[in-house]
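Written as structure tokens, this is what we have:
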């Protein structure tokens with residue numbers, strides 16, 4: 017027997033908690049956006065090998081074209097993060113227009129302070145003033161681009177660190193880093209934000225200058241209301257409770273956004289949700305809970321804000337597609353993120369808080385697992401139909417013939 | 017609108033892959049058994065504190081009564097592992113009869129070689145012959161009990177290890193351990209098995225004599241066809257791919273069984289599936305795949321066997337319920353395990369192998385995630401109805417009033 | 017051939033870098049103190065077993081007597097941290113006098129907020145106001161004791177956390193924790209300090225309310241100049257660079273002190289330096305470097321202070337002697353700490369800074385390894401002779417007959 | 017005052033345990049060899065960046081010239097491991113002669129089965145017979161080279177693995193790997209050996225086909241007496257006790273050799289001993305203990321052998337010098353390894369065994385720490401003088417002007 021989408025949706029809705037408002041869920045799904053990274057459309061590699069894949073984009077315009085495919089099929093990825101100088105063009109206005117013509121906009125700007133010999137021993141924390149100045153010039157260039165293309169977020173990941181005990185003076189580096197960040201902050205326009213990313217290791221192997229959320233957040237709080245912490249899911253030591261970090265940042269108004277991906281060992285940059293989908297759900301559960309709280313600032317998956325303002329959370333993907341086809345991997349990740357968010361939206365929060373108040377941790381946990389185990393795909397399909405995108409984004413993209421075509425064009 | 021179980025099941029079946037045979041799935045769910053541990057009904061503790069909970073069982077008979085509740089409500093836990101001397105009684109025949117009267121049988125026997133001062137520096141690997149002899153006497157006692165109550169499995173976890181570099185001679189310990197295990201093996205009856213458990217640390221903090229699956233399996237292979245490796249989900253270093261270990265053991269015919277639980281950091285002994293449910297699914301996926309292979313030995317979730325025989329896999333829970341009510345935590349775990357197994361049963365294995373053969377890793381992964389994301393609860397409810405147990409075991413147990421009653425009786 | 021101490025010392029001094037001032041090193045070694053914990057004289061245990069050892073102290077007075085042995089033989093452990101209620105007495109003045117009579121003073125006070133059923137779901141962050149009030153009463157009691165015995169430091173380790181996803185509302189817990197800490201801070205006397213300890217897991221296994229230095233330090237900075245972060249060497253995830261955390265805390269004036277121990281896997285509480293002695297050296301290297309800096313506040317192993325004041329660093333041991341004899345294990349740890357400090361004192365800091373300035377990381381690293389590989393025992397012996405304690409504290413204690421005597425007395 | 021080497025040596029010897037025979041130590045130091053890798057003379061990189069350094073060797077002959085510098089200054093690195101095809105030449109006889117002319121010989125041969133697109137999904141375990149055949153052809157080529165240049169060891173590291181759950185059938189891969197290894201084994205000459213390396217992750221991020229010593233050793237034991245396990249210090253999960261693995265392999269006669277390096281987080285390939293020198297010492301302590309045992313097979317740092325034969329242990333370095341100058345980093349590592357070995361040679365093994373026999377773990381540990389803390393540099397200097405190499409290899413190399421010269425020549 018065949019069932020229609022309407023049948024499935026009806027049965028899905030019948031099983032939802034009473035406290036869940038279907039139209040509110042739809043509204044949240046329809047306004048939820050994930051930013052994909054231009055560099056995620058190229059081929060990633062390991063230190064051992066990088067394979068060029070057929071159809072790989074050769075320039076930022078081709079990357080945008082690929083990103084437009086993801087947006088066309090998922091409906092929720094209207095912006096693309098760019099990386100300078102990888103995506104550098106002579107005419108940013110022209111590139112913005114080109115993006116618009118594809119239904120896209122340029123998103124966060126990511127400076128590159130790790131790919132030149134000068135930065136081998138650091139960039140913003142480098143001992144030599146000349147290297148720091150060079151790094152600062154690059155950041156100025158990035159902010160100029162932000163001004164031109166209308167980007168809100170400067171997404172700052174630093175490879176700064178050392179490889180051996182004794183290599184450099186930690187406290188001097190801390191002073192230099194603090195000074196440099198203050199200079200960066202001073203360059204921001206009124207509505208621009210600095211997102212400070214942390215990472216415990218790689219490419220530096222003994223110490224990283226900003227190793228964890230703690231230091232990133234101390235910097236962000238010291239700098240002011242335009243500085244936030246950026247959480248990359250792969251940048252934690254084993255055993256870290258990431259959803260608790262998310263809750264802390266929400267409670268301090270400092271959750272600037274995410275770099276989504278997944279890992280099993282180190283910073284593996286695998287597709288989001290491919291190793292531990294429950295963790296992605298638990299992260300969204302914290303966000304949705306914060307957002308649902310009275311006074312949290314209304315719609316959209318924003319958290320609490322410092323000074324009563326709503327902090328915007330930038331949901332961004334940062335993956336390296338070593339062996340998977342990039343566009344398909346991106347669609348998988350976007351759908352996994354969307355599904356995790358949808359599951360977080362249908363948690364029975366009334367029952368959850370009652371269970372917690374009663375000290376009933378079994379019942380409280382069941383509120384989460386009931387939502388996680390629930391098949392929310394009818395909700396996703398409904399949202400997709402309302403957005404006018406295919407029911408099954410991955411299958412539709414595969415059927416589209418796009419890859420075949422670009423493999424020919426880009427040969 | 018209300019939907020009946022029949023509606024839900026029908027829609028569930030409509031969404032299953034063509035290659036999945038519903039009645040075969042039912043048969044597999046109806047013959048799938050999980051063994052619960054007597055000690056899991058008492059209160060676990062940390063090294064900092066143990067809390068006695070109201071209604072806690074005071075003896076093995078009360079533990080069996082609690083275990084019978086889990087079986088009554090889930091239908092799939094007909095056996096109970098026992099721990100000697102914690103569960104020691106004077107009349108084992110009488111205890112077996114008592115278990116039978118509750119619809120239960122006694123399962124694996126677990127010796128205790130870690131809770132006496134004598135064993136502080138080891139048991140089977142202890143430097144002193146007298147301590148090793150004492151340990152061997154205890155194991156003989158356990159095997160006597162196995163003979164009396166009809167247990168098949170001696171489930172051997174050893175706390176043997178050292179706390180400091182230099183404390184003992186590693187290679188001497190290896191020799192003594194090998195000798196002792198050979199003696200244990202020689203004591204086994206024809207249909208009895210030795211399950212060798214491994215663990216990287218705790219309670220020994222510098223080295224554990226059997227730290228990993230590798231050494232356990234080298235021992236098991238050296239001993240012979242009645243020795244197997246036992247996989248406790250909490251006994252791995254961070255980053256270990258447990259499902260791959262399971263696949264290796266299946267391919268060598270040495271997967272003796274599991275101690276199910278979950279952890280986030282160390283050997284946390286949390287309820288199974290509470291931290292990483294996808295991992296539990298991936299483990300069952302390996303088992304079901306092996307079982308589905310031609311020549312793998314037919315029904316039941318067994319793997320390939322040494323010498324062409326089917327190896328039985330003992331699915332056992334080993335948890336320590338520090339703050340959760342024990343019976344409820346056990347039901348949660350049993351249901352989580354059953355759900356993971358059910359999801360593994362509905363993987364589209366034909367499509368999976370085709371995708372692999374075509375080198376299409378996106379499609380191959382989607383075969384797994386489709387099954388994992390599928391709501392198999394209608395299948396579980398159907399199986400429960402066929403077994404005559406409640407649709408929702410946890411809710412039914414909560415409604416039963418059992419805890420209230422034993423809290424009074426055991427005050 | 018025999019060599020005298022003088023020979024050895026002369027040769028040792030001949031090999032030291034020119035930039036090292038021998039008399040300054042002596043002065044630093046003679047003023048360096050390590051606090052031992054009363055609870056480290058009893059027997060530690062694991063969650064599996066605790067063994068009572070012969071001669072074990074039965075009360076705080078006997079613990080102090082044991083601590084006096086450590087001080088008598090090492091000369092550098094004049095204070096003893098106490099744990100309430102384990103060490104509770106009716107007359108604190110009398111206990112102080114008793115300590116004085118042994119040449120000791122009472123040191124940091126450690127509240128116990130984890131060993132009662134009430135605290136199973138938290139203490140300062142507990143959902144129920146009554147439990148928080150009870151915890152606050154206990155802290156008040158501890159501060160009263162501090163006032164009576166003249167303690168400077170309230171050393172606060174909290175077991176607060178949850179065991180399962182969903183169990184409690186993270187952001188509510190954060191608010192309650194912040195409120196409670198503010199109340200604790202308000203209770204401190206003018207010269208008293210709050211040391212906030214962090215730990216990523218155990219006894220809570222899903223999340224810990226203060227999991228890392230980052231949150232502890234955000235709290236400490238928010239509270240004010242009397243709040244500091246406490247670093248326990250065993251309370252980090254694998255791969256953490258602890259010496260960098262120490263450098264960060266020094267640079268922010270928030271390094272309150274240490275709980276020294278060592279671990280290989282989790283929070284193993286082994287004797288300090290037994291697993292990774294180089295790490296202990298690298299930690300002291302950061303401290304000595306900070307202390308050697310102009311304006312750092314003079315002698316003593318203090319760091320930089322907030323507002324130009326010198327922050328005192330409380331060097332404390334926190335170990336659990338599961339299988340080692342406690343007094344001997346304590347002496348080993350004290351000597352290992354002292355040796356690591358001595359090695360840090362002889363680092364050629366001039367050459368080190370020159371090498372760093374020249375970008376010569378090989379030379380910079382060699383400055384550290386030269387000091388670490390150097391045999392500083394002649395310096396330690398010289399310091400001991402000046403203090404009037406035995407050349408070899410462990411051997412002298414073993415020869416003293418003390419253990420035999422107390423084994424009889426405490427039988 | 018100045019002290020001569022003779023003074024220092026005399027004092028050093030005066031402090032050694034009675035059970036240590038100075039001339040035996042000298043003999044062991046003089047016959048101890050470490051193999052350096054050709055690829056360690058080039059510049060390593062991360063996945064983010066690789067920097068070409070001035071003076072970098074451009075071909076295998078220049079790499080050998082650099083390796084000769086390490087041997088010239090340390091005296092203990094007479095062989096160089098090669099990597100095919102990186103070091104491929106048309107005339108292997110000519111290359112061997114060239115090596116001889118530099119006082120070197122070619123050592124282990126390392127096939128490369130990870131740097132071509134074909135191997136993206138595996139080599140020896142690849143699903144396609146054609147790819148496996150290609151890999152096998154490459155190994156045949158390597159063995160031909162071994163035959164020509166007289167190499168004993170085929171050092172096999174495989175990047176085989178998968179990146180995503182479901183990507184391939186684990187048990188099929190296991191069968192193919194076992195088949196392929198059997199084919200490799202069959203190609204070995206009578207005195208040739210297969211060293212099987214294991215690694216838990218990277219470049220594959222979900223599973224590695226040979227993840228740990230356990231599977232490598234099951235393969236080695238299954239293959240026969242010419243197959244051994246190779247231990248790379250960076251290829252373990254956090255918390256692994258590597259010295260215990262070494263002891264297990266020694267006891268089974270399967271320790272084929274080492275790839276020395278060090279790491280703090282993942283497979284960081286830092287200079288050996290730079291992060292945890294005590295671990296290197298503890299590893300050598302196991303080897304020296306095995307070698308010292310009656311019947312262990314006499315001199316040289318060999319272990320026990322299968323069938324009573326002495327197994328040779330290949331001590332090899334495998335590092336990636338990302339930011340350090342390669343030759344200097346290699347000298348540091350060689351010296352660190354030599355120092356760790358020397359410290360292991362002066363452990364008081366009589367006292368150690370007595371302490372263990374008496375159950376005195378404090379005394380047993382002190383036997384190790386006494387050796388580790390001892391300044392063995394006078395012994396190393398004495399050995400160097402007997403070998404006719406400089407007292408301080410690193411300083412001498414720096415003074416030699418070699419780098420300046422090759423920077424000019426190789427510009």
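Protein chains in written order, with the numbering used here: chain A, 17 to 427; chain B, 17 to 427; chain C, 17 to 427; chain D, 17 to 427. Cβ atoms here follow ideal geometry from the backbone N, Cα and C, with glycine treated the same way.
ask   = Can you give the Cα-Cα distance for residue 398(A) and residue 110(A), rounded to whole angstroms?
value = 36 Å
| By a C-beta neighbour count over all protein chains shown, 10 Å radius and 16 as the cutoff for buried, is residue 28(D) buried or exposed? | buried
Determine the DSSP secondary structure at residue 331(B), reduced to helix, strand or coil.
strand
For residue 53(B), which of helix, strand or coil comes out of DSSP? strand
Using the beta-carbon count (16 or more within 10 Å), is residue 320(D) buried or exposed?
-> Unreliable positioning characterises residue 320(D) in this predicted model, as indicated by a pLDDT of 38, which lies under 50. A coordinate reading is not provided.
Query - Proximity of residue 395(C) and residue 41(C) at Cβ, strictly below 8 Å - result: yes
Inset, instruction - For residue 317(A), count neighbouring C-beta atoms within 10 Å of its own C-beta (all shown protein chains included) and say buried if the count is 16 or more, exposed if not. - result: Reliability of the predicted coordinates at residue 317(A) is poor, the pLDDT of 34 falling under 50, and the value obtained from them is presented with this limitation in mind. Residue 317(A) is buried by the Cβ-count criterion.
Distance between residue 249(A) and residue 325(B) (C-alpha atoms, nearest Å): In this prediction, residue 325(B) scores a pLDDT of 36, lower than 50, which makes its location untrustworthy; the coordinate-derived value is nonetheless stated afterwards. Straight-line Cα distance between these residues: approximately 45 Å.
**Prompt:** Any Cβ of chain D within less than 8 Å of the Cβ of residue 34(C)?
**Reply:** no
Compare the C-beta of residue 254(A) against all C-beta atoms of chain D and say whether one is closer than 8 Å.
yes
Taking the beta carbon of residue 206(D) as the centre, do at least 16 other beta carbons fall within 10 Å, making it buried, or is it exposed? exposed
- Message: For residue 158(B), count the other beta carbons within 10 Å of its own beta carbon; 16 or more makes it buried, fewer makes it exposed. Which is it?
- Response: buried
What does the Cβ neighbour count give for residue 240(B), buried or exposed, with the cut at 16 atoms within 10 Å?
exposed
Find the residues of chain A that neighbour residue 27(B), judging by a C-beta separation of less than 9 Å, and give them in chain order.
17, 19, 23, 24 and 27
Spatial neighbours of residue 228(C) within its chain, please: C-beta separation below 6 Å, excluding the five flanking residues on both sides.
214
Whole angstroms are fine: how far does the CA of residue 295(B) sit from the CA of residue 279(B)?
11 Å
For the beta strand (DSSP E) that contains residue 212(D), what are its first and last residues? 209-213
State yes or no: is the C-beta of residue 179(D) within less than 8 Å of the C-beta of residue 343(A)? no
According to the Cβ coordinates, are residue 80(C) and residue 96(C) closer than 8 Å? yes
- Task: Please name the residue, chosen from 49(A), 153(A) and 197(A), that lies closest to residue 121(A) on a Cα-to-Cα basis.
- Result: 49(A)
Problem set entry | Alpha-carbon to alpha-carbon, residue 101(D) and residue 65(A) | 14 Å
| request: Kindly indicate which residue of 117(D), 141(D), 133(D) and 162(D) has the alpha-carbon position closest to the one of residue 3(D). | output: Residue 3(D) falls outside the range modelled here, since chain D spans only 17 to 427, and no answer is possible.
Query raised in the report: Counting only runs that start and end within the region 232-318 of chain B, where is the alpha helix (DSSP H) found for 4 or more residues in a row?
Result: 258-267 and 293-308
request  = Starting from residue 430(C), find everything on chain B with Cβ-Cβ shorter than 8 Å and list it in chain order.
outcome  = What is shown of chain C runs 17 to 427, which leaves residue 430(C) out entirely.
Is residue 333(B) close to chain D? Criterion is C-beta to C-beta, closer than 8 Å.
no
*For residue 288(B), count neighbouring C-beta atoms within 10 Å of its own C-beta (all shown protein chains included) and say buried if the count is 16 or more, exposed if not.*
buried
- Message: According to DSSP, residue 127(D) sits in a beta bridge with which residue or residues?
- Response: 100(D)
> Roughly how far, in whole angstroms, is the beta-carbon of residue 274(C) from the beta-carbon of residue 332(C), given that I think they are within contact range, below 8 Å?
Replying inline: 6 Å
* To do: Leaving out five residues on either side along the sequence, give the residues of the same chain with a beta carbon under 8 Å from the beta carbon of residue 226(B).
  => 174, 176, 193, 212, 213, 214, 215, 232 and 235
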